[in-house]
Structures are given as C-alpha cells and as structure tokens.
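Comments concern the structure below.
2 protein chains.
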Amino acid sequence: MAKEIERKFLVNGDDWRPGAQGIAYHQGYLAANTGITVRARVAGEQAWLTIKGPSSAGSRDEYEYPIPVADAQEMLERLCIGERIEKIRYRVPYAGHLWEIDEFSGENAPLVVAEVELDRIDEEVALPPWVGLEVTYDRRYTNGALARQPFSRWGRP
Amino acid sequence: MAKEIERKFLVNGDDWRPGAQGIAYHQGYLAANTGITVRARVAGEQAWLTIKGPSSAGSRDEYEYPIPVADAQEMLERLCIGERIEKIRYRVPYAGHLWEIDEFSGENAPLVVAEVELDRIDEEVALPPWVGLEVTYDRRYTNGALARQPFSRWGRP
C-alpha cells in the first residue's frame with residue numbers, strides 16, 4: 001500500500017501553461033460513496049484500477065494496479081456511477097516539487113486545480129504564484145465527488 | 158472482460174465430501190451496494206481483486222486481477238464493508254461439470270452452497286444428488302449480500 005498525501009489548490013490564470021505538456025485522462029468511479037473509492041482510469045496508452053481508503057488529514061491509503069486499457073474502457077462505459085471525469089493532466093515542476101495540474105472538460109469545465117504530492121502533510125512547500133485558494137479539505141473537489149456532482153452544476157438545486 | 162454465468166444451489170448432506178479437498182478463502186467487499194461489487198480475496202497463497210457488474214439472468218460482467226497477498230490482507234482489515242466472508246471452497250467434478258462447493262464459517266455458518274459455472278444459463282447440466290433448492294436468483298445468497306447480512310442473522314430483525 002502507498003499513502004497518498006497531497007495538498008490541492010485552485011489555479012489562477014494561465015502563467016503555468018508555457019511549456020506544459022498534458023496527457024488526456026478519462027476516469028470513472030465504480031464506487032465512491034462509503035469513503036472508499038474505486039477508480040478506473042485511462043491515461044494516454046495506459047490504464048489503472050485504483051482503490052483509495054477514507055481521507056484523513058490530507059492522507060489516504062492507496063492501491064494502484066495496471067489493467068488492460070480495454071478493460072478500463074469497458075468499465076468506464078458499463079460500470080461507472082455518476083459522470084465520467086475528463087481532464088488534461090499537466091506536470092509542472094516548481095521549486096523542488098512536482099505539481100499536477102488538472103484542467104477539466106465536459107461537465108467539470110472550466111475547473112482547473114493543482115495538486116502537490118508530499119511526504120508529510122506538514123512538509124514545507126513553496127507555492128507557485130499561479131495557485132490560489134487551498135481546497136485540500138473541501139471534499140467537493142475530490143474527483144469522486146466531481147463525478148457525482150460536477151462543477152458546472154454547483155449552486156443549482 | 159469475462160462473463161460469469163452460473164447456477165447456485167443449497168447443498169444437502171455430506172455425500173459430496175469424500176475425497177474433496179478444500180482451500181481456505183478469506184474475502185471482503187470494498188463496495189457492494191450499487192449492483193457493482195468490488196471484492197478482495199485471499200485464496201491459499203494467492204490474492205485477487207475482482208470487479209463484478211450487475212447481475213442479469215444469472216450472468217455478470219467480471220474482471221479479475223491478481224494482487225499481492227499483503228495488499229489484499231490490508232484491504233480486508235482496513236477497507237471492507239460488512240463482515241468478512243470466511244469459507245472453504247471445494248471443487249467437485251460431477252457428470253462433466255465442475256462444481257464449486259462453499260462451506261461457510263463464522264457468521265455465515267452453517268451455510269453450504271454449490272455453484273456450477275456454465276457457458277450459457279440454459280446449458281443442460283446434470284444435478285448431483287446432494288444439491289437441493291436452487292437459489293440462483295435469490296440475491297441474499299450472493300457473497301456480497303452475505304457480507305452485509307450474514308446467514309446466521311437471517312430472520313432476526
């Protein structure tokens with residue numbers, strides 16, 4: 001088991017874009033309602049099945065296994081709950097940390113969030129000028145939550 | 158993706174036991190409440206993660222991946238919902254078909270069920286003398302349901 005420890009921020013503006021190359025991610029959730037999420041993801045030419053435990057203080061148990069792309073695509077078409085998550089993921093190094101910027105499309109456009117993976121939740125990290133509000137503990141921004149309640153529908157009854 | 162097509166019966170008596178060798182199965186469910194089940198299973202020295210789609214006419218989509226035994230054991234301890242399923246599985250050939258007999262222990266004792274896997278749900282199959290009531294369509298007997306509502310508690314409020 002790995003531990004996923006990360007902080008998450010909203011992204012302001014486009015200053016992170018120059019030189020950033022993205023990979024298309026298509027993912028969906030086979031389960032996302034008991035604190036445990038089960039995710040099928042196609043990222044470029046590869047696919048994974050990922051289990052995440054409940055979140056606690058920015059940290060989650062995480063198990064990830066490569067699976068055939070055809071299996072993942074079938075799961076996305078046949079078995080997923082809520083909406084499919086479609087996004088471009090960019091990896092942008094900044095001051096010794098690697099930032100992952102997710103630019104959502106479809107029902108979650110125009111949301112753009114940045115995550116930084118840490119060894120400890122209280123690890124010191126220099127924030128790039130293009131990050132804004134921290135949303136680490138706002139559960140609406142988890143991808144599992146965005147599948148159930150996409151960003152474009154927030155604020156509607 | 159494989160298709161799981163099977164019929165399931167209650168087992169009467171012990172005439173199936175002579176010569177049958179069993180393997181201990183420990184399994185639990187990371188999800189089992191939207192028609193999709195996600196199962197971690199340790200069987201002897203091996204472990205699997207299995208995704209099953211909703212059941213329709215005795216048939217379910219099924220994806221199964223080998224995972225490290227240590228991962229599966231952690232999932233059983235940390236991430237599973239309901240009770241853990243503990244059973245001995247025996248494989249007993251009969252008249253050209255392989256029957257899997259599950260003898261449950263713990264909260265699901267003294268339940269014993271037999272399953273036969275088929276190529277088609279209407280495939281002709283000779284029933285062994287030790288099978289009784291067919292429960293193929295009784296969802297209480299799925300292992301996912303037995304994890305939530307174990308056999309020993311049936312009939313109690």
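The listed protein sequences derive, respectively, from chains G and V.
The first sequence begins at 1 in the working numbering and counts up one residue at a time.
The second sequence begins at 158 in the working numbering and counts up one residue at a time.
Just so you know, even glycine gets a beta-carbon here, dropped at the ideal spot from N, CA and C.
Using the three-state DSSP reduction, which class does residue i fall into: helix, strand or coil?
i	result
G/R139	helix
G/A2	strand
V/E257	strand
V/E272	strand
V/G263	helix
G/L127	coil
V/G312	coil
Measure from the alpha carbon of residue i to the alpha carbon of each residue in the options, then state which is nearest.
i	options	result
G/H26	G/A43, G/D138 and G/K52	G/A43
V/P225	V/D218, V/E274, V/W205 and V/I193	V/W205
V/V288	V/M158, V/K160, V/E161 and V/K165	V/K165
G/G22	G/L118, G/V112, G/S59 and G/F151	G/V112
V/E163	V/P285, V/S212 and V/A266	V/S212
G/R91	G/V135, G/E115, G/Y63 and G/S152	G/E115
G/E107	G/E62, G/A145 and G/T50	G/A145
V/I242	V/D172, V/Q203 and V/A266	V/A266
G/R139	G/I81, G/E117 and G/S59	G/S59
G/L118	G/V135, G/E103, G/P129 and G/G96	G/G96
V/R246	V/F308, V/A188, V/R198 and V/E221	V/R198
V/S262	V/S309, V/M158 and V/Y220	V/S309
V/T191	G/E64, G/V11 and G/C80	G/C80
G/W16	G/I101, G/Y137 and G/E134	G/I101
G/Y63	V/R235, V/R277, V/Y220 and V/G210	V/R235
G/G82	G/E74, G/L127 and G/A31	G/A31
V/Y232	G/A20, G/W154, G/G53 and G/Y65	The sequence given here places Met at residue 232 of chain V; Tyr does not occur at that position. Here the closest residue by C-alpha is G/G53.
V/P285	V/E202, V/L167, V/E161 and V/N300	V/L167
G/T136	G/E45, G/R148 and G/D122	G/D122
G/D87	G/E103, G/Y94 and G/Y65	First, the residue type needs correcting, since residue 87 of chain G is Lys and not Asp in the sequence shown. Answer by Cα proximity: G/E103.
G/V125	G/R39, G/T142, G/A24 and G/W99	G/W99
What residues from chain V crowd round residue i, counting only those whose CB sits closer than 7 Å?
i	result
G/T50	Near G/T50 there are no residues of chain V at all, since even the closest Cβ is about 11 Å away, more than 7 Å.
G/V38	L187, A188 and V195
G/D119	Going along chain V, no residue has its Cβ under 7 Å from G/D119, so there is no contact; the nearest lies around 20 Å.
Could you list which residues in chain V have their beta carbon closer than 8 Å to that of residue i, in chain order?
i	result
G/L79	I193, I208, G210 and D218
G/D71	M158 and Y220
Strictly below 7 Å CB to CB, what residues from chain G border residue i?
i	result
V/E161	Ordered by position in chain G, no residue passes the 7 Å Cβ test against V/E161, which lies about 14 Å from the chain.
Who are the neighbours of residue i on chain G, taking C-beta pairs under 9 Å?
i	result
V/E350	The structure shown does not extend to residue 350 of chain V, since chain V is modelled only from 158 to 314, so the question has no answer here.
inquiry  = In chain order, what are the residue ranges of uninterrupted alpha helix (DSSP H) at least 4 long that sit wholly in the segment 163-251 of chain V?
reply    = DSSP runs (the alpha helix (DSSP H)) wholly in the segment 163-251 of chain V: 226-235.
task = For the segment 285-299 of chain V, enumerate the residues whose C-beta is nearer than 7 Å to any C-beta of chain G, in chain order.
result = Here the close residues number zero.
ask   = Any residues in the segment 54-66 of chain G with a beta carbon nearer than 7 Å to a beta carbon of chain V? Which ones, in chain order?
value = Cβ contacts with chain V come from D61, Y63 and Y65.
Cβ-based contacts, 7 Å cut-off: residues of the segment 236-270 of chain V near chain G = Under the 7 Å Cβ criterion, the segment 236-270 of chain V contributes L236 and I238.
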